[in-house]
Amino acid sequence: MDLTADILPPPLYLVEMYLVATQLSTSSPGDERKALGERLVQLEKDFNTRQEYWKTTTLSPEARKILDEELTPPGYAMIDAVNNQFLPVLKQGDAAGINHALAKVTESYLKHRAGVDNLVVLSVDQTASWTGTLASYAESQPLLFEPVLQRLDPA
3 MDLTADILPP PLYLVEMYLV ATQLSTSSPG DERKALGERL VQLEKDFNTR
53 QEYWKTTTLS PEARKILDEE LTPPGYAMID AVNNQFLPVL KQGDAAGINH
103 ALAKVTESYL KHRAGVDNLV VLSVDQTASW TGTLASYAES QPLLFEPVLQ
153 RLDPA
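Residue numbers for the sequence shown follow our numbering, beginning at 3 and rising by one.
Shown next as structure tokens:
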């Protein structure tokens, strides 16, 4: 469930970073833009921190594959597009460049989002499967699980 909790909201799911980049594209220079820029920096740090955590955490092979191949690479591609394409043209005030760079950010975001969606489906399916297996085992071993079941349903 930790993985599901991390991929639905930030930090492992970059939807907020996408929102902030979109907000920046229509912002005026000044305090708002500065605050949004600082938020981008923090979101990138949070993403990197959680990436390090999940690198050292045991996951099912299927979850590891989706995380490592479908979610993470386009996430880093999006961060790269924000930092190296979008922010430079934003600072220059180049409207056409901003739109072009934001299209690159969007392209990476959509790939990242597809990985998020795939990982959520897998995580929910695995949780349901494990829960069903545990329930079957508990039914087959009632004496072993009776104290646990009584605590869950004291009636």
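Glycine included, C-beta positions come from ideal geometry on N, C-alpha and C.
Please read all numbers here as calculations on a predicted model, not as lab measurements.
Same chain, Cβ closer than 6 Å to residue 102, five either side skipped, listed in chain order: Position 100 of the sequence shown holds residue 102. Nothing meets the Cβ criterion.
Cβ pair residue 68, residue 5 closer than 7 Å: Position 66 of the sequence shown, counted from the first residue, corresponds to residue 68. Position 3 of the sequence shown, counted from the first residue, corresponds to residue 5. No.
Distance between beta carbons of residue 83 and residue 47, contact taken as under 8 Å: Position 45 of the sequence shown, counting from 1, holds the residue named residue 47. Position 81 of the sequence shown, counting from 1, holds the residue named residue 83. Actually they are not in contact, since the Cβ atoms of residue 47 and residue 83 sit about 17 Å apart, beyond 8 Å.
Helix, strand or coil at residue 27 according to DSSP, with G and I counted as helix: Counting from one through the sequence shown, the residue named residue 27 turns up at place 25. Reduced to three states, the DSSP call for residue 27 is helix.
Residue 15, enclosing alpha helix (DSSP H) - first and last residue: As a working note, residue 15 is residue 13 in the sequence shown. Residue 15: not part of any alpha helix (DSSP H); DSSP gives it neither H nor E.
Counted within 10 angstroms of its Cβ, other Cβ atoms place residue 112 as buried (16 or more) or exposed: What you label residue 112 is simply residue 110 of the sequence shown in a count that begins at 1. By the beta-carbon neighbour count (other beta carbons within 10 angstroms, threshold 16), residue 112 is exposed.
Local conformation of residue 73 per DSSP, three classes: The residue given as residue 73 occupies position 71 in the sequence shown. Judged by DSSP in its simplified three-state form, residue 73 adopts helix.
Residues near residue 20 in its chain [Cβ-Cβ closer than 6 Å; skip 5 each side]: Here residue 20 refers to the residue found at position 18 of the sequence shown. Counting only residues of its own chain and dropping the five nearest sequence neighbours on each side, residue 20 has a CB closer than 6 Å to the CB of 111.
C-alpha distance - residue 116 paired with residue 73, whole-angstrom precision: Working through the sequence shown from its first residue, we reach residue 116 at position 114. Working through the sequence shown from its first residue, we reach residue 73 at position 71. Rounded to whole angstroms, the gap between the alpha carbons of residue 116 and residue 73 is 8 Å.
Buried/exposed call for residue 125, threshold 16 Cβ in 10 Å: Within the sequence shown, residue 125 is the residue found at index 123, counting from 1. Residue burial annotation: residue 125 is buried, with at least 16 other C-beta atoms found within 10 angstroms of its C-beta.
Test item: CB-CB of residue 38 and residue 18 under 7 Å: Counting from 1 along the sequence shown, the entry for residue 38 is found at position 36. Counting from 1 along the sequence shown, the entry for residue 18 is found at position 16. With respect to the 7 Å criterion, residue 38 and residue 18 are not classified as neighbours on the basis of their beta carbons.
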